[in-house]
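Student: Structure below; questions to follow.
Residue numbers (our numbering): 428 to 730.
Below, the structure written as structure tokens:
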């Protein structure tokens, strides 16, 4: 039996409000040569029932008997993938109908290990879309040929967004390098991102924003941030030996973002000043610097 070109992975936990739109956005793609692997991470709402209501031979449902968390649930799904390229889709997001068409056309030409897909944001709490995507630095990437080697412009490559779900990954590349997710309940994208960038040989990008990333609807779990973000950064550091300056700059930006969000949690602040000495961590006593940082985030969305 011929393998599908794309393996789409959705991991879901208590996603009854959004999972139908998410799945439909995959099944309604103009390009249909795909397998859709849905892992239900032991939901206690109607998520699994909604998933089962879809009748499509391309769907494979993996209901877990215990809650493993998104990272481990994705590892379960990775073992089941047979497609040439893997794409992760969060259960509260969705994709535009022509994404897979555009992605396959690009990948057949470039044979890239990783394909970047720019996204736009839907702010749930404000009920509005934001189409600018400043973190992606797409204007700079457009100057590079497709595919491009990371040694051509490491600075541009490492400025790209770290979100897991805005990229296509060649399955053989992930398997051959044994790239899987660390057992983290927060920021599990980070070590995966840094390892992929270190080990991949070729990259490409799409020009259109075809992924809808939903924000403004999740409650902040300070314990998870404080506990797992430091672990994620320490894991990531192992894959950033060749780009230490870039790594610590991005780490400081991320830590500042979460320090502001957690009102300078004492434990996280102690980690930050030790992990990024002299590398731009906000002063806990400087309200002016913190205010400037908040304004910068609001205007430019950079972390």
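Note that beta-carbon positions come from the ideal geometry of N, C-alpha and C, so glycine has one too.
1) Kindly indicate which three-state DSSP category residue 490 falls into: helix, strand or coil?
2) In chain order, what residues of the same chain lie with their CB nearer than 8 Å to the CB of residue 574, ignoring the 5 residues before and after it?
3) Kindly provide the ranges of any alpha helix (DSSP H) runs that are 4 or more residues long and lie completely inside the segment 602-653, ordered along the chain.
4) Keeping to the same chain, check which residues put their C-beta closer than 8 Å to that of residue 473; ignore five residues upstream and five downstream.
5) In the DSSP assignment, find the alpha helix (DSSP H) that holds residue 528 and state where it starts and stops.
6) Does DSSP put residue 452 in a helix, a strand or coil?
7) Given a threshold of 16 other Cβ atoms within 10 Å of its Cβ, counted over all protein chains shown, does residue 726 qualify as buried or as exposed?
8) Mapping the DSSP letters down to three states, classify residue 441 as helix, strand or coil.
9) Mind checking residue 463: buried by the 16 CB within 10 Å criterion, or exposed?
10) With 16 as the cutoff for other CB atoms within 10 Å, does residue 663 come out buried or exposed?
11) Just to confirm before moving on: does the CB-CB distance between residue 613 and residue 667 stay below 9 Å?
12) DSSP three-state call for residue 432: helix, strand or coil?
13) If you follow the alpha helix (DSSP H) that residue 684 is part of, which residue opens it and which one closes it?
14) Does the Cβ-Cβ distance between residue 468 and residue 440 come in under 9 Å?
15) To the nearest whole angstrom, what separates the beta carbons of residue 489 and residue 504, a pair I think is in contact under 8 Å?
16) Got a sec? Which residues, its chain only, sit under 6 Å from residue 703 by beta carbon, not counting five neighbours each side?
17) For the alpha helix (DSSP H) holding residue 477, just list the boundary residues, first then last.
18) Would you identify the three-state DSSP class for residue 467, choosing helix, strand or coil?
19) Which first and last residues belong to the beta strand (DSSP E) in which residue 597 is found?
20) Quick one: what's residue 522 bridged to in DSSP?
21) Under the three-state reduction of DSSP, which class applies to residue 655: helix, strand or coil?
22) Within 10 angstroms of its Cβ, does residue 597 collect 16 or more other Cβ (buried), or is it exposed?
23) Using DSSP with H/G/I as helix, E/B as strand and the rest coil, what is residue 482?
24) Check the DSSP bridge columns for residue 512 and list the partner residues they point to.
25) So, for residue 584: in the same chain, excluding its five sequence neighbours on each side, which residues have a beta-carbon less than 6 Å away from its beta-carbon?
26) What's the gap between the Cα of residue 520 and the Cα of residue 640?
27) Taking only heavy atoms of the ligand ADP into account, decide whether any of them is closer than 8 Å to the Cβ of residue 644.
28) Between the C-alpha atoms of residue 563 and residue 475, what's the straight-line distance to the nearest angstrom?
29) According to DSSP, simplified to helix, strand and coil, what is residue 693?
30) One question on the structure: do residue 512 and residue 432 come within less than 9 Å of each other, judged by their Cβ atoms?
31) Can you tell me the Cα-Cα spacing of residue 633 and residue 541, whole angstroms?
32) Between the segment 447-462 and the segment 480-495, do three or more beta carbon pairs fall short of 8 Å?
33) With a CB to CB cut of under 8 Å and the five nearest residues on each side skipped, what residues in its chain are close to residue 647?
Tutor: Result, derived from the coordinates:
1) On the chain shown, residue 490 is found 63 positions in, with the first residue counted as 1. Strand.
2) Position 147 of the chain shown, counted from the start, is the residue given in the question as residue 574. Hits under 8 Å: 537, 538, 539, 629, 630 and 631.
3) 616-626
4) If you number the chain shown from 1, residue 473 lands on position 46. Result list for residue 473: 443, in chain order.
5) Counting from one through the chain shown, the residue named residue 528 turns up at place 101. 526-537 is the span of the alpha helix (DSSP H), which, as asked, contains residue 528.
6) The count along the chain shown starts at 1 and reaches residue 452 at position 25. Correct three-state label for residue 452: helix.
7) As a position in the chain shown, residue 726 is number 299, starting the count at 1. Residue placement at residue 726 cannot be trusted, given a pLDDT of 48 that sits under 50; what the coordinates show is reported in the next sentence. Label assigned to residue 726: exposed.
8) By 1-based counting over the chain shown, the position of residue 441 is 14. Note: residue 441 maps to coil in three-state DSSP.
9) Here residue 463 refers to the residue found at position 36 when the chain shown is read from its first residue. The residue in question, residue 463, is buried, as its Cβ has 16 or more Cβ neighbours within 10 Å.
10) Locating residue 663 in the chain shown gives position 236, where the first residue counts as 1. Buried: at least 16 other Cβ atoms inside 10 Å.
11) Mapped onto the chain shown, residue 613 falls at position 186. Mapped onto the chain shown, residue 667 falls at position 240. The answer is no: Cβ separation not under 9 Å.
12) Residue 432 sits at position 5 when you count from the first residue of the chain shown. Residue 432 falls in the coil class under three-state DSSP.
13) To locate residue 684, count along the chain shown from 1; it is residue 257. Its alpha helix (DSSP H) spans residues 671-688.
14) Along the chain shown, read from residue 1 onward, the residue named residue 468 stands at position 41. Along the chain shown, read from residue 1 onward, the residue named residue 440 stands at position 13. Yes; because the gap between Cβ atoms is below 9 Å, this pair is in contact.
15) To locate residue 489, count along the chain shown from 1; it is residue 62. To locate residue 504, count along the chain shown from 1; it is residue 77. Contact flag correct, Cβ pair sits at about 7 Å.
16) Translated into positions along the chain shown, residue 703 becomes position 276. Same-chain partners within the cutoff: 675, 678 and 679.
17) Locating residue 477 in the chain shown gives position 50, counting from the first residue. It spans 474-479 - the alpha helix (DSSP H) in which residue 477 sits, taken as one unbroken run.
18) Taking the chain shown and counting its residues from 1, the one referred to as residue 467 is at position 40. In the structure shown, residue 467 sits in a strand (DSSP, three-state: E or B).
19) For the purposes of this step, residue 597 is taken as the residue at position 170 of the chain shown. Unbroken beta strand (DSSP E) run through residue 597: 594-597.
20) In the chain shown, residue 522 corresponds to position 95, counting from 1. Answer is 638, bridged to residue 522.
21) Locating residue 655 in the chain shown gives position 228, where the first residue counts as 1. Residue state, collapsed to three classes: helix.
22) By 1-based counting over the chain shown, the position of residue 597 is 170. Counting Cβ neighbours within 10 Å, residue 597 comes out buried, since at least 16 surround it.
23) Here residue 482 is taken as the residue at index 55 of the chain shown, counted from 1. Coil, per DSSP.
24) Here residue 512 refers to the residue found at position 85 of the chain shown. Residue 512 is bridged to 433 and 597.
25) Your numbering for residue 584 matches position 157 in the chain shown. Taken in chain order, the residues that qualify are 577.
26) To locate residue 520, count along the chain shown from 1; it is residue 93. To locate residue 640, count along the chain shown from 1; it is residue 213. Going by the C-alpha atoms only, they are around 5 Å apart.
27) With respect to the ligand ADP, the structure shown offers nothing to examine, as it has no ligands at all.
28) Walking along the chain shown from the start, residue 563 turns up at place 136. Walking along the chain shown from the start, residue 475 turns up at place 48. For residue 563, the predicted structure reports a pLDDT of 49, less than 50, and the residue's modelled location is therefore unreliable. A value from the coordinates is still provided. Approximately 33 Å between the Cα atoms of the pair.
29) Translated into positions along the chain shown, residue 693 becomes position 266. Reduced to three states, the DSSP call for residue 693 is helix.
30) Within the chain shown, numbered from 1, the residue matching residue 512 stands at position 85. Within the chain shown, numbered from 1, the residue matching residue 432 stands at position 5. The answer is yes: Cβ separation under 9 Å.
31) The residue you call residue 633 lines up with position 206 of the chain shown. The residue you call residue 541 lines up with position 114 of the chain shown. Roughly 11 Å between the two C-alpha positions.
32) yes
33) Counting from one through the chain shown, the residue named residue 647 turns up at place 220. These residues qualify, in order along the chain: 688 and 689.
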